[in-house]
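> Quick note: to get the numbering used here, add 1 to the position in the sequence shown (first position is 1). For every residue, glycine included, the Cβ atom is placed at its ideal position computed from N, Cα and C.
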Amino acid sequence: MARVCDITGKRPQVGNNVSHANNKTKRKFLPNLHKKSFYVPEEDAWITLKVCSKALRTINKNGISSVLKKAQNEGFIIIK
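1) Hey, HIS35 and VAL52: beta-carbon distance below 8 Å or not?
2) When the Cα of PHE39 is compared with those of VAL5, GLY16, ALA56, which residue comes out closest?
3) Step through the CB atoms of chain D and report whether any lies within less than 8 Å of the CB of LEU50.
4) Please report how far the alpha carbon of PHE77 lies from the alpha carbon of PRO32, in whole angstroms.
5) Helix, strand or coil for ARG12? Go by DSSP, reduced to three states.
6) For ALA72, name the three-state secondary structure that DSSP assigns.
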């Protein structure tokens, strides 16, 4: 299962762990993803999306329908 947000397209980033002795080892910064079901009244259906916390805040602010349209225009999701 890919660790990618369906709305924003956030992916894992690569960085370094830095020790007290300034030794650097590779690590991943993972997005804060949640599997969440949303009710879309226009389609009268429930959809399940993998969204990050920032996307949840955006959905609460703007509504699921407008966020889905924007994500489709940006190419993150495909709505049939």
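In short, the structure shows the following:
1) In contact: HIS35 and VAL52 (Cβ atoms closer than 8 Å).
2) Of the listed residues, the one whose Cα sits closest to PHE39 is ALA56.
3) Absent from the structure: chain D. Only one protein chain is present.
4) If you draw a straight line from the Cα of PHE77 to the Cα of PRO32, it is about 16 Å long.
5) DSSP places ARG12 in coil when its eight states are reduced to three.
6) Three-state DSSP puts ALA72 in a helix.
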